[in-house]
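In the working numbering, the protein residues as written are 108 to 204.
What follows is the structure in structure tokens.
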């Protein structure tokens, strides 16, 4: 943060988001939603029992949360790119399926 003269911990993520908006590509920044999850659930997503919790690499729960966030974002992007979907055809008798 000193190097870029910022007091914003999320400065790199904000820059990537701005770049995506400018050039029209999707960006998913994980730090903010992961921090919100950790605070809401009172868990550490970094560190391990044999090291310092809250520091270092993602732990098992951190990977699970990141994977869920990524999966949700990919699903959203695919849904958005597919456009409206036609309703399924109904049978002549009016029964569905």
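C-beta atoms are modelled at their ideal positions from N, C-alpha and C, and glycine is treated no differently.
As the structure is a prediction and not an experimental result, all values here were calculated from the model.
Inter-residue spacing [alpha-carbon to alpha-carbon] between residue i and residue j
i           : j           : result
residue 204 : residue 175 : Note that residue 204 scores a pLDDT of 48, beneath 50, so its modelled location is shaky and nothing firm can be said.
residue 185 : residue 155 : 35 Å
residue 110 : residue 157 : 32 Å
residue 167 : residue 178 : 16 Å
residue 122 : residue 189 : 28 Å
residue 114 : residue 125 : 18 Å
residue 127 : residue 133 : 6 Å
residue 171 : residue 187 : 24 Å
residue 112 : residue 146 : 27 Å
residue 141 : residue 159 : 18 Å
CB contact below 8 Å: residue i versus chain C
i           : result
residue 139 : Annotation note: the requested chain C is absent from the structure, which comprises a single protein chain.
Beta-carbon proximity check, residue i vs residue j, cutoff 8 Å
i           : j           : result
residue 153 : residue 165 : yes
residue 173 : residue 137 : yes
residue 135 : residue 180 : yes
Same chain, Cβ closer than 8 Å to residue i, neighbours up to 5 away in sequence not counted
i           : result
residue 79  : The question about residue 79 has no answer here: the residues shown for the chain are numbered 108 through 204.
residue 139 : 117, 120
First and last residue of the uninterrupted alpha helix (DSSP H) at residue i
i           : result
residue 114 : Unbroken run through residue 114: none, as it is neither H nor E.
residue 178 : 167-189
residue 142 : 138-148
Same chain only: Cβ atoms within 7 Å of residue i, ignoring 5 sequence neighbours per side
i           : result
residue 129 : none
Spatial neighbours of residue i in its chain, beta-carbon cut-off 6 Å, leaving aside the 5 residues before and after
i           : result
residue 163 : 153, 154
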